[in-house]
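Heads up: take any position in the sequence shown, counting from 1, add 14, and you land on our numbering.
Working notes, beginning with the structure itself.
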Amino acid sequence: MDISFFDREVETMPREQLRTVQEGKLAAVVSQTYGRNRFVTGKLDSAGASPHDIRTLDDLAALPFTTKGELLEAQANGLLSANCTFPESAYTRIHQTSGTTGTPLRVFDTTESWDWWGRCWGFVLAGAGITSKDRLVVPFSFGPFIGFWAALGGAKRVGALMIPGGGRTSAQRLNLMADLGVTAMCCTPTYALRLVEVAREEGFDLSRIPMRVTVHAGEPGANVPATKARIEASWG
């Protein structure tokens, strides 16, 4: 089986070299946030730690965990969370968690951090074998949740044709995918199966879509053997 790489140098880096890179980035982010980010500064101060105490990955074991409740409290007063490092003028986007288990967490993105999301998903999509020859659809309406935006950012990084699938019914999405010859799809596993149900209800032949690979996130179902088998059998 051929292995696809997004960044071969990074993905094949020897373990010790990788650790050196990680620890350099750790020291840099702690140095950048301490004294600027009220939340991080408070967490380190409460633990009696300073940036000079955090130089290796092993040093993280001495720090307290951060809970979702703490992060929600940090964003409770005003637009900018206490967990923001820069002034508002430095941020160009906002995204948030899905909110399925409660109040969504807001995250402020700089241009650099937004590009980072696309790079992260570049690794995901390239690892799944998606290339510049693919046409990738994300069959969801886009809101502030990061997943769909990041997937399209990843598609841009690997050179695939990006197809947003919002503003349509499931039946309309199936026809869109057939009309455009979609070869790759990124969605939750349950929605992949929902599209199969809609195809059956509408008498739509899924073989009209030249689907080659599907990527699933947001739910654990694709890791469940029975669910994975249903998706693979339905989408070929």
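Cβ coordinates follow ideal geometry from the N, Cα and C atoms, glycine included.
Here the structure is a predicted model, which is why all the values come from computation and not from measurement.
Residues near residue i in its chain [Cβ-Cβ closer than 6 Å; skip 5 each side]
| i | result |
| --- | --- |
| Pro118 | Gln110, Thr111 |
| Asp148 | Ala174, Thr197, Ala198 |
| Phe218 | Leu188 |
| Ile68 | Val44 |
| His230 | Pro203, Ala236 |
| Ala169 | Leu150, Met176 |
| Cys200 | Val152, Ala165, Val229 |
| Arg50 | Thr99 |
Alpha helix (DSSP H) segment containing residue i, residue limits
| i | result |
| --- | --- |
| Ala198 | That residue, Ala198, is in no alpha helix (DSSP H); its beta strand (DSSP E) goes 198-201. |
| Asp129 | 125-141 |
| Val44 | 29-47 |
| Val54 | 52-60 |
| Val238 | Premise fails: Val238 is in no alpha helix (DSSP H) and is neither H nor E. |
| Gln89 | Note, Gln89: premise wrong, no alpha helix (DSSP H); not H, not E. |
| Glu23 | 22-25 |
| Asp193 | 184-194 |
First and last residue of the uninterrupted beta strand (DSSP E) at residue i
| i | result |
| --- | --- |
| Gln110 | 107-110 |
Paired residues, beta bridge with residue i - DSSP
| i | result |
| --- | --- |
| Met176 | Leu150 |
| Glu228 | First, the amino acid is wrong: residue 228 is Thr here, not Glu. Thr228 pairs with Met199. |
Three-state secondary structure (DSSP) of residue i
| i | result |
| --- | --- |
| Asp315 | Examination of residue 315 is not possible in this model, given that the chain is present from 15 through 250 alone. |
| Arg120 | strand |
| Thr204 | helix |
| Phe162 | helix |
| Ser95 | coil |
| Asp72 | helix |
| Gly167 | helix |
| Ser18 | coil |
| Ile144 | coil |
| Gly83 | helix |
| Glu216 | helix |
| Leu209 | helix |
| Ile223 | coil |
| Glu233 | coil |
Short Cβ contact (8 Å threshold) for residue i with residue j
| i | j | result |
| --- | --- | --- |
| Gly136 | Phe156 | no |
| Leu32 | Leu71 | no |
| Leu166 | Val152 | yes |
| Ala88 | Trp131 | no |
| Val227 | Ala96 | no |
| Val212 | Ala185 | yes |
| Thr99 | Thr47 | yes |
| Trp128 | Thr106 | yes |
Residues near residue i by beta carbon distance below 8 Å, same chain, minus five either side
| i | result |
| --- | --- |
| Ile108 | Arg120, Val121, Phe122, Asp123, Pro158 |
| Ala104 | Thr124 |
Sequence-distant residues of its chain with Cβ nearer than 7 Å to residue i (five each side left out)
| i | result |
| --- | --- |
| Gly191 | Residue 191 is actually Met in this sequence, not Gly. Val151, Ile223. |
| Arg244 | Leu207 |
| Glu232 | Strictly speaking, residue 232 in this sequence is Gly, with Glu absent from that position. Correct list, in chain order: Gly161, Thr202. |
| Pro65 | Val44, Ser45, Tyr48 |
| Gly62 | none |
| Ile144 | Leu150, Val172, Ala174, Ala198, Val227 |
| Arg52 | Ala96 |
Cβ-heavy atom distance, residue i to the ligand FAD, below 7 Å
| i | result |
| --- | --- |
| Thr228 | As far as ligands go, the structure on display features none, and thus does not contain the ligand FAD. |
8 Å Cβ cutoff, residue i in contact with chain C
| i | result |
| --- | --- |
| Glu211 | No chain C is present in this structure, which holds just one protein chain. |
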